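Q: Residues -18 to -1, 1 to 254 in mature numbering (1 follows the signal peptide of the UniProt record, and there is no 0) are what the sequence shown lists, from first letter to last.
Ideal Cβ positions, reconstructed from N, Cα and C, are used throughout, including at glycine.
Here the structure is a predicted model, which is why all the values come from computation and not from measurement.
Provided herewith is a single structure, encoded as structure tokens, for subsequent inquiry.
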Amino acid sequence: MKLLLYAPLLVVCTKVYAVDPFEDFHKYGELSEEEIHELHKGEFLYGDIEFGFIANSGNTKNSSFKLQSNLYQDFQHWRNQFKLDGHYANEENTETGVDDETASRYFLSAQTSYKFGVDNESFFLYGDYEVDEFNGREYTTTFALGYGNRLFEGRKNTVDFTIGPGISMYRVDNDTELEFGQKRVERGELLRLSLQWERNISKRTRFNQDFSYVQSVSGLGGRGFAETSLISQVIEGLSLKVSYTYRYNSKPEEDKRKVDTELGVTFVYSFD
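Pasting the structure below:
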């Protein structure tokens, strides 16, 4: 289990054609999720890009950066979402001057949803691609399609879900010794489920819980992802974000652990 602590860390949210409504802290508690999307309907692209960097020198010399983005396109019948999550860290031995890479993970996903019936119902097509230098795989990719809807909508809470079948594929690193009967490239069918719970605690504070799980029906195991975050406005335009990320792989490669976690404490700057 790897614990990553960024505190304090300034994350700059860059405007892309429009301000990301989910990161506009002036509107927390004032608009529902659908009202926020309605506000930006027809825009080519809106969302946020976050970047964090830490560098230490002296007795210890290391550096680490984390890049995240969440971009949307929202049209009359279609809504597209693009996510990017990257983390890299290295540490230099001050005595030998040798660099040692300690983290290198990049994740990209895209989802397009066709809205039909009531506003909250949709048919979706999802795909992701992940490269992690420390999980024993060159890459892991997933494709899924299915149905999405809203389980609950209240004054302060919304809960959305998607579910559907798909396929997954991954390639084992060339440096990893294969077990008897194991292939370098594995493919199989799966069932994917995702849930997103958002709660507006107050006009200054928001709670998010994202969860997704992919279960193979071809004997390749299951993979889960959960992120819990609390975002609270400190002063106008500046907020504090605390997040905990949990990643699970029921069948990791040899000598790899099933669980990876990240703990982050970050400052988020929002501007119009």
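Suppose the cutoff is 7 Å on Cβ atoms and the five residues either side in sequence are ignored; what does the same chain contact list for Ile183 look like?
A: Phe189
Q: In the DSSP assignment, find the beta strand (DSSP E) that holds Glu115 and state where it starts and stops.
A: Element bounds for Glu115: n/a, residue is neither H nor E.
Q: Answer yes if the region 133 to 144 comes into contact with the region 172 to 187, meaning at least three C-beta pairs across the two stretches below 8 Å, and no otherwise.
A: yes
Q: Whole-angstrom Cβ separation of Glu168 and Leu202, contact assumed at under 8 Å?
A: 6 Å
Q: So what does Gly136 bridge to, in DSSP terms?
A: DSSP output for Gly136 lists no bridge partner at all.
Q: Measure the C-alpha to C-alpha separation of Val154 and Glu115 and round it to an integer number of angstroms.
A: C-alpha separation (whole angstroms): 11 Å.
Q: When the Cβ atoms of the region 90 to 107 are set against those of the region 223 to 239, are three or more pairs found closer than 8 Å?
A: no
Q: Can you have a look at Ser200 and say buried or exposed, based on whether 16 or more other CB atoms are within 10 angstroms of its CB?
A: exposed
Q: What distance in whole Å lies between the Cβ atoms of Phe143 and Ser176, which are believed to be in contact at a cut-off of 8 Å?
A: 7 Å
Q: Buried or exposed: which applies to Thr78, given that a residue is buried once 16 or more other Cβ atoms fall within 10 Å of its Cβ?
A: exposed
Q: Here's the rule I'm using: 16 or more other beta-carbon atoms within 10 Å means buried, otherwise exposed. How should Glu32 be labelled?
A: buried
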